[in-house]
Amino acid sequence: MLRSHTCGQLRSSNIGQEVTLCGWVDTSRDHGGTIFLDLRDRYGKTQCVVNPDSGAEFLEVAKKLRGEDVALVKGLVHARLEGKDNQKLSTGDIEIRASEIRLLNRSKTPPFFPNQPELPGEDLRLKYRYIDLRREAMQRTLMLRSQIIKAMRDYFEQHDFVDVETPILGRSTPEGARDYLVPSRVHWGHFFALPQSPQLYKQILMVAGYDRYIQVARCFRDEDLRADRQPEFTQLDLEMSFVDSNDVISMIDGLMKKLAKDLLGLELELPLPRMTYDEAVRRFGSDAPDLRFGMEIVDCTEFARQSAFRVFSGAAEAGGYIRGIKVDRRAEEFSRKRIDELTEFVKHDFGAKGLAWFRVETDGSLWSPISKNVEPEIQLQFQQAFDARPGDLILLLADSWDVTCKGLNGLRRRLGAELKLYDSKQMHFSWVVEFPMFEKDEAEERWVAMHHPFTAPRPQDMQLLQTAPQTCRAQAYDLVINGYEAGGGTIRIHDSDTQQVVFDLLGITPDMAADRFGFLLDALRFGAPPHGGIALGIDRIVMLFGGLDNIRDCIAFPKTQRAMDLMTAAPGTVETKQLHELHVQVETPPVKN
RNA sequence: GGGGCCGUAGCUCAAUUGGUUAGAGCACUGGACUGUCGAUCCAGAGGUUGCGGGUUCGAGCCCCGUCGGCCUCGCCA
């Protein structure tokens, strides 16, 4: 060990000790006869003083040190001179009077410095990730991530869970996200798929009697990226036997309480609030509502349809809805230009036909460019429906159910952030439960599983599978934190007959099922216990607990939006020989013009 | 696949809206300085304005294409 202490360790209680520190040169302040070096490692910074007492030889070494050089300093811990302490540093009461200083390794001038005030461009940060990871903010986040995973493991160990690893090389399953494929060398024309989640394996583990399973599992989905989506991400995967929805939810409630307390010092009230999917969509237009603020959706279809104003009546006649949200007391902050921007936003991003709005005047009446088109009695109903007060702004969409949901959810989230309707440190945890079993595939006339094909319907909805699948609700539950889906799970189907009924509905024939999931259907016939589970998105949880706005900052080596690793330049080409071995040919790309 | 924002010195940004020699701070190089902590002071070096084409007497600025980063819709059971 070259060092005796870390750079964040020494305090006034160490005064008088001889110590050796190693680290990166954070800054150096050269006064000619005296040089101050701040040595940095992931634990902190310590000021080291080099002067003629250290020896002329070492003064020369210190003079040549530059930022990010790696150095070793040996010396006595001294109290700072009177009034020269630095309260910004945890080690600011002391300094090291160097008796020896060594350059362990020179650094080229880096493209950016970990301590520079302005954040460099993200492409540069990703290319030189080893320098970016020296930044205090990145180190804090990665340590938070480590603590969160440790707390999760501790919690589940206390509850008798077994950590089991499942294969990374598996088989492609139909439906779901696009798979990352790995060609088999041994089996011509056959491919492994990287797991989108360990779903089937953990169900098999339940059949095998490992009644409480967890895994910190890497998952892969070859879909387009977002601020909160990476092609490879990490889940805390969990499955339990002999449980219902309530048991799984309670188990995770306990985990969230522990995480909030241990890492944020927050006391959560249990049980965490729960809301059905239908209620969430009705009140907030989203299955992952941000409940840090109100601004609930008001449905005005019943009375607005009676207006002669075609925007309203036409939408209602077409089977659509007139729904809206209200900005409390801040209409004066909404210029025509700003409202035009919001209109463009809902039209462009969510396909809305337009955005209708009313401003509430001091006498309580409504004003809008469309006021003259909307009958006074209908306007009165809007006032009552929204409990309109002077200064309020009412924003309305008249469109299909889907467009009103997406558009109002989009508006609500955007306005919540722009108007700062919540404190940035605020955290809101809740559950959304009882999702539909199926949704209609847009293009084709067929049902697709909303969660996955192994999800069990609610017992009371079992007959609906045959009669009215669209109304059938699942034993499904999503954990929602600040408007993000932080996790989701279901109780699974544990008998092969029900599983086959669901497959039928999804258009998966017995032959296909046997081919793709035969092993699961077999397993279900060999004594499968009732079981269910959940998967938590660890990257997102770290992001939310760390108060960050993207998951790249929670991952040591993330990919860009175009799914590249800028540091290693992956993906890259391979030798023709490798392709031959794998029996893979690469198509010639189309010529662009 | 669609839409949007961005790309100027190593880094972060500016450039009077199309005008002739593209600037600043930090970093870098050299020098001065024994108590700084974003040290200070003096001097210096540093540019294919992402790339390619076009419009123009003239382009960092306008147009087209392209590459890269980010945001977003679709997509993500």
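For what it's worth, this note's numbering labels the leading residue of the first sequence as 356, then goes sequentially. Heads up, the beta-carbon is just placed ideally off N, CA and C, and yes, glycines get one too.
Would you list, in sequence order, the uninterrupted alpha helix (DSSP H) runs of no fewer than 4 residues that lie entirely inside the region 824 to 889?
For the region 824 to 889, whole alpha helix (DSSP H) runs of length 4 or above, ordered along the chain, are 851 to 860, 865 to 879.
Just list the residues that DSSP pairs P814 with in beta bridges.
Paired residues: none, contrary to the question.
Hey, out of W802, P812, S723, R813, whose CA is closest to I863's CA?
Out of W802, P812, S723, R813, W802 has the C-alpha closest to the C-alpha of I863.
Looking at C-beta atoms only, is the number of pairs between the region 835 to 843 and the region 634 to 647 that lie closer than 8 Å three or more?
At 8 Å Cβ cutoff, the stretches touch.
On the criterion of 16 or more Cβ atoms from any shown chain inside 10 Å, does F741 qualify as buried, or is it exposed?
Buried, because 16 or more other Cβ atoms sit within 10 Å of the Cβ of F741.
Anyone know if the C-beta pair for K613 and Y483 falls short of 8 Å?
No.
If L618 sits next to L499, beta carbons under 8 Å apart, how far is it from one beta carbon to the other, in whole angstroms?
So it is a contact: roughly 7 Å between Cβ atoms.
Counting beta carbon pairs with one atom in the region 750 to 762 and one in the region 672 to 679, are three or more of them shorter than 8 Å?
Yes, since at least three Cβ pairs between the region 672 to 679 and the region 750 to 762 fall closer than 8 Å, the two stretches touch.
Between which two residues does the alpha helix (DSSP H) harbouring D704 extend?
Segment 691 to 705, the alpha helix (DSSP H) holding D704.
Within this structure, are the beta carbons of L560 and V519 separated by less than 8 Å?
Contact flag set, yes.
Closer than 8 Å is the cut-off here; do at least three beta carbon pairs connect the region 711 to 731 with the region 659 to 673?
Taking 8 Å as the limit for Cβ pairs, the verdict is that the region 659 to 673 does touch the region 711 to 731.
Whose CA, out of G438, L721, M606, G706, lies closest to the CA of G887?
Here the closest residue by C-alpha is M606.
Could you tell me if Y556 is buried or exposed, where buried requires 16 or more neighbouring beta carbons within 10 angstroms of its beta carbon?
Result: buried.
Does the region 371 to 383 touch the region 408 to 415, meaning 3 or more C-beta pairs lie closer than 8 Å?
In short, these stretches do not touch, since the Cβ pair count stays below three.
Taking the Cβ atom as the reference point for each residue, do I503 and V897 lie within a distance shorter than 8 Å?
Yes. Within cutoff.
In the DSSP output, which residue or residues are listed as bridge partners for E373?
The partner list for E373 (beta bridge, DSSP) reads L431.
So what does M630 bridge to, in DSSP terms?
According to DSSP, M630 bridges with V787.
Run the CB neighbour count on D877, radius 10 Å, all protein chains shown included, and call it buried at 16 or more, exposed below.
So D877 ends up on the exposed side.
Using a Cβ-Cβ cutoff of less than 6 Å, which residues in the same chain neighbour L949 once the five nearest sequence positions on both sides are dropped?
Because the chain here runs from 356 to 948, residue 949 falls outside it and cannot be looked at.
Hey, is the region 411 to 431 in contact with the region 451 to 460, meaning 3+ C-beta pairs nearer than 8 Å?
Yes, since at least three Cβ pairs between the region 411 to 431 and the region 451 to 460 fall closer than 8 Å, the two stretches touch.
Using 8 Å as the Cβ pair cut-off and three pairs as the minimum, do the region 527 to 536 and the region 572 to 592 touch?
Result yes; three or more Cβ-Cβ pairs closer than 8 Å.
Based on the DSSP secondary-structure assignment, which residues constitute the bridge partners of D393?
Per DSSP, T382, Q402.
What residue ranges within the region 736 to 766 form continuous beta strand (DSSP E) runs of no fewer than 3 residues, ordered along the chain?
The region 736 to 766 contains these whole beta strand (DSSP E) runs: 748 to 754.
With a threshold of 16 other CB atoms inside 10 Å of the CB of V517, please say whether the residue is buried or exposed.
That one is exposed.
I need the straight-line Cα distance from R847 to G544, nearest angstrom please.
Distance between the alpha carbons of R847 and G544: 33 Å.
What's the C-alpha gap between Q815 and V788?
Their backbone Cα atoms lie some 15 Å apart in a straight line.
What are the boundary residues of the alpha helix (DSSP H) that includes Y556?
Where Y556 is concerned, the enclosing alpha helix (DSSP H) stretches over 554 to 562.
DSSP three-state call for V537: helix, strand or coil?
Three-state DSSP puts V537 in a strand.
Restricting to runs no shorter than 3 residues, where is the beta strand (DSSP E) found entirely within the region 593 to 673?
You should have 629 to 631.
Suppose you measure from the CA of Q442 to the CA of A911; what does that come to, to the nearest Å?
Taking the straight line from one Cα to the other gives about 31 Å.
On a CA-only basis, which of E373, Q585, R397 is nearest G363? Give me that one, please.
The residue with the shortest Cα to Cα distance from G363 is R397.
Using DSSP with H/G/I as helix, E/B as strand and the rest coil, what is K443?
Coil at K443, not helix or strand.
Check this for me: beta carbons of L879 and D850, under 8 Å apart or not?
In contact: L879 and D850 (Cβ atoms closer than 8 Å).
Any chance the region 382 to 400 sits against the region 410 to 424, with 3 or more Cβ pairs inside 8 Å?
Yes: at least three Cβ pairs fall under 8 Å.
Between the alpha carbons of E942 and A925, how many angstroms are there, rounded?
Whole-angstrom Cα-Cα distance: 19 Å.
Using a threshold of 8 Å, state whether the C-beta atoms of E594 and A804 are closer than that.
Not a contact, by the Cβ cut-off of 8 Å.
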